[in-house]
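Here the structure comes first, spelled out in structure tokens, and everything after it is commentary.
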Amino acid sequence: MTIYTISYDLSNPGRDYDSLSNAIKSYGNWWHQSGSVWIIASINTNSASIRDYLKQFIDSNDKLFVAKLHGEWAGYGFTKEEYDWMKSKKW
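Numbered by the numbering used here, the letters in the sequence shown go through residues 3 to 93 in order.
Written as structure tokens, this is what we have:
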């Protein structure tokens, strides 16, 4: 399983972006880490494929960033459940 981070900057904050959230959740194994940052665990995909799928749910002037995470990470201020989610993933 590979871990990816997804972040975005939406130019029209008043717009309904539920379809973007639902598209991210469709990967099945996700954590809405904070604000506009999500982390997903997935197999048989890559950053470009995730980007290409998600960009249909945003406007052309929005920004979207997808990156594969590798092993080392650190966090502060999250719940035990959130830390456990990250620790449970196989890097």
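Built from N, CA and C at the ideal position, the CB exists for glycine as well.
- As far as DSSP is concerned, Ser51 takes part in no beta bridge.
- Under the three-state reduction of DSSP, Asn63 is assigned to coil, being neither helix nor strand.
- Between Asp54 and Tyr10, the C-beta spacing is not below 8 Å.
- Burial is judged here by how many other beta carbons sit within 10 angstroms of a residue's own beta carbon; Val68 has at least 16 and is buried.
- Across the structure, Asp20 and Lys91 are spaced so that their CA atoms are roughly 26 Å apart.
- At a Cβ-Cβ threshold of 8 Å, Trp33 and Glu84 count as neighbours.
- Comparing C-alpha distances from Ala25 to each of Ser38, Asn14, Leu56 shows the shortest one belongs to Leu56.
- Note on geometry: alpha-carbon atoms of Met3 and Gly30 lie some 12 Å from one another.
- The DSSP-derived three-state label of Ala76 is coil.
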